[in-house]
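One structure is given here, and the rest of the page talks about it.
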Amino acid sequence: MNIYGDIFAEVYNLFWTEFIDIVAPQIISIYKELDKSNNYILDLACGTGRVSKLLLDEGYFLHGIDLSPDMINIAKRKAEQEIADGRAVFEVGNIIDFTVDRKFGLAISTFDSLNHLGNYDELRSCFDHVYQALDSDGLFIFDLNTARGLKKWEFVDFEENEEATFIMHGKYSRTDRRAYTKVIGFKKMENGFYQKFDEIMYNTVFEIEQVISILREVGFRQIITTAELDLTQVVTDPEKQDRTFIICQKME
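By the working numbering, the letter at position 64 of the sequence shown is numbered 333, and the numbering carries on one by one without gaps.
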């Protein structure tokens, strides 16, 4: 997975918020409807903690894991009081091989974080560890960019505000079935000067049918796929979506 540096982590935190702000309330609503007594939520590849903070604001307990120390530092900064109160834990770790000391009612991974895994073996390992971390009827909600969506990653985009200026160049490789985005730009620092950053992000294509098959093999049941921005809209052919959410439940 990508391990983002400190400057890019700050830029990411400034610019990539809209998707999370749309889907996070829907995830909260789905979990509230279950009326579960387990208020502990596991946020995998939590990034800078935007979803985590929204969940904390709803009164949940939160354990966030991310491979980037700089992303985790920002997440901790946002939730200083909750950490002090014992309601939040953020740790640097790999979502394909993690251990936790309690059972969670809900596990989430958002904003195509699981597409950053390199292959199906890593995806299965992640699912195995999530399954072990959930309580007996725990829920797992995550999204994936589909092959259709990733094949559209042929673009050049420019972003600018008072804090940062950068160019993004997206490219899809049919050879290794990955979409790549190179981001290069400058971030304004506290001293008024600008510092350069340069990152490459990648998304691996995972066939949704095979993903669901792995989930079933691990032990998840009641698996549904939904529309990208409306988690109440079940879709029967997720590969026709650019992105799909998968909602499944542990059954013991």
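We put the beta carbon where it would ideally sit given N, CA and C, even for glycine. Just so we're clear, the structure is a prediction, and the values are computed from it rather than from any experiment.
Exercise. Starting from the C-beta of residue 362, find all residues in its chain whose C-beta is less than 6 Å away, skip the five residues before and the five after it, and write them out in chain order.
Key: The count along the sequence shown starts at 1 and reaches residue 362 at position 93. Cβ neighbours of residue 362 beyond the five flanking positions: 334.
Practice problem: Please state if the CB of residue 414 and the CB of residue 472 are separated by a distance shorter than 7 Å. | Solution: Counting from one through the sequence shown, the residue named residue 472 turns up at place 203. Counting from one through the sequence shown, the residue named residue 414 turns up at place 145. Yes, the Cβ-Cβ distance between residue 472 and residue 414 is below 7 Å.
Quiz item: In chain order, what residues of the same chain lie with their CB nearer than 6 Å to the CB of residue 324, ignoring the 5 residues before and after it?
Solution: Against the sequence shown, residue 324 aligns to sequence position 55. Correct list, in chain order: 310 and 331.
Self-check item: Span of the beta strand (DSSP E) around residue 464
Solution: Taking the first residue of the sequence shown as position 1, residue 464 is located at position 195. Residue range 463-473 is occupied by the beta strand (DSSP E) that includes residue 464.
Exercise. Since I believe residue 407 is in contact with residue 373 (beta carbons under 8 Å), could you give me their beta-carbon distance rounded to a whole number of angstroms?
Key: Translated into the one-based positions of the sequence shown, residue 373 becomes position 104. Translated into the one-based positions of the sequence shown, residue 407 becomes position 138. Indeed they touch by this definition, with Cβ atoms about 6 Å apart.
Quiz item: Excluding five sequence neighbours on each side, which residues of the same chain lie with their C-beta closer than 7 Å to the C-beta of residue 228?
Solution: Summary: the structure shown does not reach residue 228, with the chain confined to residues 270 through 521, and so no result is reported for it.
Quiz item: Going along the chain, which residues of its own chain have a beta-carbon closer than 6 Å to the beta-carbon of residue 341, five neighbours each way excluded?
Solution: Along the sequence shown, read from residue 1 onward, the residue named residue 341 stands at position 72. Counting only Cβ-Cβ distances below 6 Å, and skipping sequence neighbours, we find 335, 359 and 361.
Quiz item: Using the rule of at least 16 other Cβ atoms within 10 Å of the residue's Cβ for burial, across every protein chain shown, is residue 498 buried or exposed?
Solution: Looking up residue 498 in the sequence shown gives position 229. Label assigned to residue 498: exposed.
Quiz item: What does DSSP give as the partner residues of residue 456 in its beta bridges?
Solution: Taking the sequence shown and counting its residues from 1, one reaches residue 456 at position 187. Residue 456 is bridged to 433 and 464.
Quiz prompt | Residue(s) in a DSSP beta bridge with residue 376 | solution = The residue labelled residue 376 in the question sits at position 107 within the sequence shown. Paired residue(s): 311 and 409.
Practice problem: With DSSP as the reference, label residue 345 as helix, strand or coil. | Solution: For this step, residue 345 is matched to residue 76 along the sequence shown. Of the three classes helix, strand and coil, the one that applies to residue 345 here is helix, per DSSP.
Quiz prompt | Sequence-distant residues of the same chain with beta carbon closer than 8 Å to residue 483, five excluded per side | solution = Position 214 of the sequence shown, counting from 1, holds the residue named residue 483. Answer for residue 483: 389, 392, 393 and 396, listed in chain order.
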